Ligand code: F6R
Ligand code: MG
Ligand code: MG
């Protein structure tokens, strides 16, 4: 059976700054989805990661479907109304336009969707990240799909060994989608050349070369590029199908042991390590650190199981401790060098405003 998985996620207001949405706001989103979506989707799941609420829907309407996008838009809008009434911080923050216009992409929320022919046993992972940007998934995807140090299937499974097609987007090109297709294993160094630059090149999708099926869909919107000014980081979402011809769940999770440094953290303007967290985790230290949650599901005829919380295991407590230490190490150097992002990536204008003023006070010595 053909089924579409859609994740749509946004920050529509949170408690005490950018920590987490209130229970009432989450309930408002959930009740709107359930009340008005009955005839549109097969199953749904709602959670939050930091200050963002994510809606997962299964349906038969394909990717980019207007009714599905509108349902989520309206649900987030009704949640934002509750957030406003409760006086939550940043109420409606990610809903950048007043009226829905056909497709939620580019309107604020993050979107990832896969239309697929359901396998007999269909396992998939739903990743949601907060206080970071879409490029945060570049390294884990590269390692999970191209590196036998994380993906034992590259040695052990003939189907996995055939490799994958990466579709990578240049998100600085905002007029139209600018994409390239590169193939592992023969082009892994070219893939790495692009994926080292998390702010410019982002993995949009990954496809199996053994079966031609889509394995990954990731959100690629960088509103900073679209709006040309501060609108926060774009806290990405991602779907990854696992097992059989695809990497195993544990192979996809393995790279998150690194806690690699990503852009985001305080004021979306610093580098911080990406911490794998449990469902409904909050934000704290230095408005961070950047976090990622992962819900694992099976789906049959569009019906979801309950999620298995992939980072809720004693092993990841150990990782979280290591990542906390990495967070402290980089914070010790404050604004210096890689502690803060380069000028082009800062989410506030304070530094450039100050530089403009100071520039006038510089003098050039004649000798
Ligand atoms: C980062 C983030 C926070 C805010 C910071 C200041 O993505 O959400 O670090 O940037 O708390 O918030 P404002 O400017 O909204 O007062
Ligand atoms: Mg926020
Ligand atoms: Mg957020």
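In the numbering used here, the protein residues as written are 17 to 383. Cβ atoms here follow ideal geometry from the backbone N, Cα and C, with glycine treated the same way. In this text the structure is predicted, and so the values were computed from the model without any measurement.
Q) Helix, strand or coil for residue 146 per DSSP? A) strand
Q.
Given this structure, state the Cα-to-Cα distance separating residue 126 from residue 375, to the nearest angstrom.
A. 38 Å
(Q) With DSSP as the reference, identify every bridge partner of residue 257, one or two as the case may be. (A) 140
Q: Enumerate, from N- to C-terminal direction, the unbroken alpha helix (DSSP H) stretches of 4 or more residues contained entirely within the stretch 194-243.
A: 204-211 and 239-243
Q: Using only the heavy atoms of ligand 2, determine whether one of them is closer than 6 Å to the beta carbon of residue 34.
A: yes
Q: For residue 260, count neighbouring Cβ atoms within 10 angstroms of its own Cβ and tell me buried if that reaches 16, exposed if not.
A: buried
Q.
Can you give me the C-alpha to C-alpha distance between residue 52 and residue 220, rounded to a whole angstrom?
A. 30 Å
Q: Would you check if the distance between the CB atom of residue 199 and the CB atom of residue 177 is smaller than 7 Å?
A: no
Q | Three or more C-beta pairs below 8 Å linking the stretch 109-127 and the stretch 40-60 | A | no
Q) Heavy atom of ligand 3 less than 6 Å from the Cβ of residue 66, yes or no? A) yes
(Q) What I want to know is whether the C-beta of residue 390 ends up closer than 6 Å to one or more non-hydrogen atoms of ligand 1. (A) A question about residue 390 goes unanswered here, because the residues of the chain that appear run from 17 up to 383.
Q: Provide the residue span of the alpha helix (DSSP H) that contains residue 186, from first to last.
A: Here residue 186 belongs to no alpha helix (DSSP H); instead the beta strand (DSSP E) covers 180-186.
Q) Can residue 288 and residue 343 be called in contact, C-beta distance under 7 Å? A) yes
Q: State yes or no: is the C-beta of residue 41 within less than 7 Å of the C-beta of residue 99?
A: yes
Q.
Does the structure place the stretch 343-352 close enough to the stretch 320-335 that three or more beta carbon pairs sit under 8 Å?
A. no
Q | For residue 123, the three-state DSSP class (helix, strand or coil) | A | coil
Q: State the Cα-Cα distance for the pair residue 26 and residue 76, rounded to the nearest angstrom.
A: 23 Å
Q. Just how far apart, CA to CA, sit residue 405 and residue 294?
A. Nothing can be reported for residue 405, as the shown portion of the chain is limited to 17 through 383.
(Q) Is it buried or exposed, residue 54, if we count other Cβ atoms within 10 angstroms and call 16 or more buried? (A) exposed
Q: Would you kindly check if the distance between the Cβ of residue 35 and the Cβ of residue 70 is under 7 Å?
A: no
Q) How big is the Cα-Cα spacing for residue 157 and residue 373? A) 43 Å
Q) Does DSSP put residue 131 in a helix, in a strand, or in coil? A) strand
Q | Residue nearest to residue 72 in terms of C-alpha spacing, selected from 62, 81, 185 and 271 | A | 62
Q. Three or more C-beta pairs closer than 8 Å, one from the stretch 88-105 and one from the stretch 215-231: is that the case here?
A. no
Q: Return yes when the C-beta of residue 118 is under 6 Å from any heavy atom of ligand 1, and no when it is not.
A: no
Q: Reducing DSSP to helix, strand and coil, say where residue 97 ends up.
A: helix
(Q) Helix, strand or coil, according to DSSP, for residue 351 in the structure here? (A) coil
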